[in-house]
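S.K.: Using my numbering, the first residue of the sequence shown is number 1, and each one after it goes up by one.
One structure, as structure tokens, below. Some questions next.
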Amino acid sequence: MGTVLGGRMQIQQLEAYAKKYWTNAASPVIQYYRKGWFSFRFSAEEDMNTVLKGGPWNMGPHTLILKRWSPTFSQEMESITTVPIWILFPNLDPFLWSSSTLSKLASKIGKPLFADLPTTCKAKLSFARVMVETDIAEPLPDELLFSTPYHEISSQRVTYEWMPYYCENCKKLGHTKDHCKPYDTGKQQDKTNPKGKKRKKTPTVTSPTLVPTYHIRMLQAQEARS
Ligand SMILES: [Zn+2]
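See below:
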């Protein structure tokens with residue numbers, strides 16, 4: 001499923017875009033779904049993953065956000081704030097550099113979807129890059145705390161490659177509170193944020209959701225700080 005932040009698109013425009021930019025995947029069948037969302041039907045899962053990993057996609061001043069369909073999609077559609085974003089772990093300690101540990105760390109921020117190829121291959125050790133699906137209506141941490149196998153408390157910085165603007169007023173993506181026009185449904189300017197919005201929050205750690213880890217144990221922030 002996909003929606004364009006900051007503008008309205010026709011199916012033909014999306015089709016042309018897919019043909020031009022998604023060259024590593026067979027073009028999907030694109031149909032209008034509802035409420036600004038389009039369905040993108042790929043013939044192969046691999047093609048879909050290739051395109052999902054490449055996102056979010058810039059369409060001139062607008063941004064195309066793609067999300068895997070889920071059974072609850074229709075109910076959530078109008079208030080979706082859980083979107084895939086790339087997160088970076090700068091200067092990741094080599095002992096954390098395994099897919100299970102990366103998943104574990106990333107799952108503190110959202111649901112890990114992919115690690116990019118250089119990360120998977122450990123080709124680029126300056127940072128790890130992981131795509132997570134996260135609720136951007138919630139404040140996101142700049143730092144994660146965890147305990148090492150030697151029971152030392154350690155922290156890892158987190159940065160966000162790109163994040164859509166979120167409006168606290170109307171609870172929608174694509175613009176900020178200052179630019180909210182709740183009665184203007186059609187003509188919002190582009191308010192996506194190419195540099196990634198900086199939001200501060202004390203690190204919090206929730207219960208693990210994805211991959212059990214054998215290397216690290218996540219701690220409650222309070223516990224880690226006491
Ligand atoms: Zn708004």
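Don't be surprised by glycine CBs; every beta carbon is placed ideally from N, CA and C.
Since I believe R157 is in contact with E143 (beta carbons under 8 angstroms), could you give me their beta-carbon distance rounded to a whole number of angstroms?
M.R.: Taking the sequence shown and counting its residues from 1, the one referred to as residue 143 is at position 143. Taking the sequence shown and counting its residues from 1, the one referred to as residue 157 is at position 157. Yes, they are in contact, since the Cβ atoms of E143 and R157 sit about 6 angstroms apart, within 8 angstroms.
S.K.: What does the Cβ neighbour count give for K201, buried or exposed, with the cut at 16 atoms within 10 Å?
M.R.: Mapped onto the sequence shown, residue 201 falls at position 201. Low per-residue confidence applies at K201: pLDDT is 46, beneath 50, and the placement is therefore not dependable enough to give any value.
S.K.: Could you have a look at M145 and say whether DSSP puts it in helix, strand or coil?
M.R.: Mapped onto the sequence shown, residue 145 falls at position 145. According to the sequence as given, residue 145 is Leu; it is not Met. It is a strand residue.
S.K.: Round the Cβ separation of T91 and S39 to the nearest angstrom and send it over; I've been treating them as touching at under 8 angstroms.
M.R.: Residue 91 sits at position 91 when you count from the first residue of the sequence shown. Residue 39 sits at position 39 when you count from the first residue of the sequence shown. Before going on, a small fix: residue 91 reads as Asn here, not Thr. Contact doesn't hold; Cβ gap of about 40 angstroms is too wide.
S.K.: DSSP three-state call for S99: helix, strand or coil?
M.R.: Residue mapping note: residue 99 aligns to position 99 of the sequence shown, counting from 1. Here S99 sits in helix by DSSP.
S.K.: Give a yes or no on contact between the stretch 16-34 and the stretch 80-98, applying the rule of three or more CB pairs nearer than 8 angstroms.
M.R.: Contact fails: fewer than three Cβ-Cβ distances are below 8 angstroms.
S.K.: Start and end of the alpha helix (DSSP H) containing G54?
M.R.: Here residue 54 corresponds to residue number 54 of the sequence shown, with the count starting at 1. Segment 45-54, the alpha helix (DSSP H) holding G54.
S.K.: Taking the continuous alpha helix (DSSP H) assigned at K19, which residues delimit it?
M.R.: Mapped onto the sequence shown, residue 19 falls at position 19. Note, K19: alpha helix (DSSP H), 11-21.
S.K.: Of the choices T148, M1, Y160, whose alpha-carbon is the least far from that of S70?
M.R.: Start at 1 with the first residue of the sequence shown, and residue 70 comes out as number 70. Answer by Cα proximity: M1.
S.K.: Would you check if the distance between the CB atom of K177 and the CB atom of E168 is smaller than 7 angstroms?
M.R.: Against the sequence shown, residue 177 aligns to sequence position 177. Against the sequence shown, residue 168 aligns to sequence position 168. Closer than 7 angstroms, so yes.
S.K.: Taking only three categories from DSSP, how would you classify S79?
M.R.: Taking the sequence shown and counting its residues from 1, one reaches residue 79 at position 79. DSSP places S79 in helix when its eight states are reduced to three.
S.K.: Based on Cα-Cα distance, which residue from T50, T159, L66 lies nearest to I80?
M.R.: Here residue 80 refers to the residue found at position 80 of the sequence shown. Nearest C-alpha to I80: L66.
S.K.: Out of P139, G6, L173, T101, which one is the CA nearest neighbour of S147?
M.R.: Start at 1 with the first residue of the sequence shown, and residue 147 comes out as number 147. For S147, the nearest C-alpha among the options comes from T101.
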